[in-house]
Amino acid sequence: MTNTTRNTQGMTVVVTGASGRTGSRVARAAEAAGLTVRAASRATGFDWWDRSTWADTLRGADAAYLVYPSDVGAPGAAEAVGDLAREAVGLGVRRLVLLSGRGEEQALPTEEALHACGADWTVVRAAWFAQNFSEGPLVAELRERGELVFPADAVREPFLDVRDIADVVVTALTAGDRYVGRTLTLSGPRLLTFGEAVAEIAEATGRPLTYRAVSTRDYGEALLGFGVPPQEVTALTEIFDTLLDGRNAHLSDGVREVLGRAPRDFTDFVQEETAAGTWKV
Numbered sequence: 580m581t582n583t584t585r586n587t588q589g590m591t592v593v594v595t596g597a598s599g600r601t602g603s604r605v606a607r608a609a610e611a612a613g614l615t616v617r618a619a620s621r622a623t624g625f626d627w628w629d630r631s632t633w634a635d636t637l638r639g640a641d642a643a644y645l646v647y648p649s650d651v652g653a654p655g656a657a658e659a660v661g662d663l664a665r666e667a668v669g670l671g672v673r674r675l676v677l678l679s680g681r682g683e684e685q686a687l688p689t690e691e692a693l694h695a696c697g698a699d700w701t702v703v704r705a706a707w708f709a710q711n712f713s714e715g716p717l718v719a720e721l722r723e724r725g726e727l728v729f730p731a732d733a734v735r736e737p738f739l740d741v742r743d744i745a746d747v748v749v750t751a752l753t754a755g756d757r758y759v760g761r762t763l764t765l766s767g768p769r770l771l772t773f774g775e776a777v778a779e780i781a782e783a784t785g786r787p788l789t790y791r792a793v794s795t796r797d798y799g800e801a802l803l804g805f806g807v808p809p810q811e812v813t814a815l816t817e818i819f820d821t822l823l824d825g826r827n828a829h830l831s832d833g834v835r836e837v838l839g840r841a842p843r844d845f846t847d848f849v850q851e852e853t854a855a856g857t858w859k860v
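When we follow our numbering, the leftmost residue of the sequence shown carries the number 580, and every step to the right adds one.
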């Protein structure tokens, strides 16, 4: 306990993606733990694609939580994360935690770039977020159309509550050297198909919500129709082909290892979001 307190006192952590699904929770959890949070997003002057914004964001910080848009396995991610990590180390930011994807082969070069930067690093490999059903592009389909279309067929996934990611990240930052040089793999506590997940939401909300599986090719064509750039569509469909081939249909024990408790269940997430009116028309 003494080691944790000593490392926490006066620590300033840069949180990239601070307005996003994981970053917003990491920021709140870090503040609750007594850390000083420096939110890093375009709204605060930080831009992954404008390297001139990096130094002012990083200077004087002790640690950083790194989330690369649109995905850690996207083209250019390894170069950008590696360059930012080296700049961080050069400015005295020694402790870096990277959000990565569980089972995502495309993310490995980005993880390796972090390993090589000279920082005290931790990689957090996360399963599919439960909050992907309540935030971001998928929720509008459920709310407005009553149907979720996605290229997942009957694959099973242990959906992970992003609040567990935040708690793991903050614990890793405040636990001294315990998680330095480690890759932590996180999942939820049970396996569900995407169809079963939507069925749980339907039952909780009392709405006739449905799930329709499509091929990644058809899904990519739909994304193009929505105006997503072709290069991004190609990267995303390749990542979906990898992540949704069944390789992630198993549980990981990282949440219990780090936090000493079971991960939050998908049913609890659904009940909370239903009470908040997330899927109301």
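Note that beta-carbon positions come from the ideal geometry of N, C-alpha and C, so glycine has one too. Please read all numbers here as calculations on a predicted model, not as lab measurements.
Between Val-703, Pro-808, Gln-810 and Arg-769, which lies nearest to Gly-760 when the distance is taken from Cα to Cα? With distances taken between Cα atoms, Gly-760 lies closest to Val-703.
Using 8 Å for Cβ pairs, my map puts Leu-645 next to Leu-677. What's the rounded Cβ distance? Leu-645 to Leu-677, Cβ: 5 Å. Contact.
Exposed or buried, Gln-710, counting other C-beta atoms within 10 Å across all chains shown (16 or more means buried)? Residue burial annotation: Gln-710 is buried, with at least 16 other C-beta atoms found within 10 angstroms of its C-beta.
Work out the CA separation of Ala-698 and Arg-840 for me, nearest whole Å. Near 29 Å, if we compare the C-alpha coordinates of Ala-698 and Arg-840.
With 16 as the cutoff for other CB atoms within 10 Å, does Ser-649 come out buried or exposed? Exposed, by the Cβ-count rule.
Going by the beta-carbon positions, is the gap between Ala-731 and Leu-823 smaller than 7 Å? Less than 7 Å divides the Cβ of Ala-731 from the Cβ of Leu-823.
Quick check on the DSSP output: the beta strand (DSSP E) that includes Val-676 runs from which residue to which? Unbroken beta strand (DSSP E) run through Val-676: 674-680.
Under 7 Å between the Cβ atoms of Thr-587 and Thr-753? Between Thr-587 and Thr-753, the CB-CB gap stays under 7 Å.
For Tyr-647, three-class secondary structure by DSSP: If DSSP states are grouped into helix, strand and coil, Tyr-647 belongs with coil.
If you check the beta carbons only, do Val-741 and Arg-607 fall under 7 Å apart? No, these two residues do not count as a Cβ contact at 7 Å.
Using the three-state DSSP reduction, which class does Arg-638 fall into: helix, strand or coil? Arg-638: coil per DSSP, three-state reduction.
Report yes if the C-beta distance between Thr-689 and Val-651 is below 7 Å; otherwise report no. Yes, the pair counts as a contact, with Cβ atoms nearer than the cut-off.
Candidates Leu-693, Ala-776 and Glu-811: closest to Thr-762 by CA position: Selected option, being the one with the closest Cα: Leu-693.
DSSP three-state label for Phe-845, please. Phe-845 carries a helical assignment under DSSP once its states are collapsed to helix, strand and coil.
With a 10 Å radius around its C-beta and 16 neighbouring C-beta atoms as the bar for buried, classify Trp-858 as buried or exposed. By the neighbour-count rule (16 or more Cβ atoms within 10 Å), Trp-858 is buried.
Just curious, the alpha helix (DSSP H) that Glu-726 is in, first and last residue? For Glu-726, there is no enclosing alpha helix (DSSP H); the residue is found in the beta strand (DSSP E) stretching over 726-729.
Check whether the Cβ atoms of Glu-658 and Trp-633 sit closer than 7 Å, and answer yes or no. No, these two residues do not count as a Cβ contact at 7 Å.
Out of curiosity, what's the CA-to-CA distance linking Val-660 and Pro-787? C-alpha separation (whole angstroms): 42 Å.
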